Amino acid sequence: LMTVAPIAPDPEAVRPVFRRLRELQGALARQWPEQRWDELSMGMSDDYEVAIEEGATMIRLGRAVFGPRG
157 LMTVAPIAPD
167 PEAVRPVFRR
177 LRELQGALAR
187 QWPEQRWDEL
197 SMGMSDDYEV
207 AIEEGATMIR
217 LGRAVFGPRG
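Numbering of the sequence shown is given in our numbering, commencing with residue 157 and proceeding in unit increments.
Below is the structure:
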């Protein structure tokens, strides 16, 4: 599953978005246990730490690695 949270000045403001996706992952895993629900792709350069705290297994760090687009 993947989500992109809204841009927010405070990374804590998007924590509920990440938490909700993790909760959805759990619900889907209970409903369809024969499927794999291992991955949670969420979090970008500004909010990846919160995403990891909420269970992200993949993050996107383009700007943190390569700098702003020119």
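Ideal Cβ positions, reconstructed from N, Cα and C, are used throughout, including at glycine.
Given the structure is predicted, the values throughout are model-derived calculations rather than measurements.
Boundaries of the alpha helix (DSSP H) harbouring GLU209: 204-209, taken from the DSSP string. Within the same chain, and ignoring the five residues on either side of ARG178 in sequence, the residues whose Cβ sits closer than 8 Å to its Cβ are LEU196, GLU210, GLY211. Taking a C-beta distance under 8 Å as the contact criterion, TYR204 and LEU217 qualify as a contact pair. Distance from VAL206 to GLU168 at the Cβ level is roughly 6 Å; contact confirmed, criterion being Cβ atoms closer than 8 Å. CA-CA distance, GLN181 to PRO224, rounds to 32 Å.
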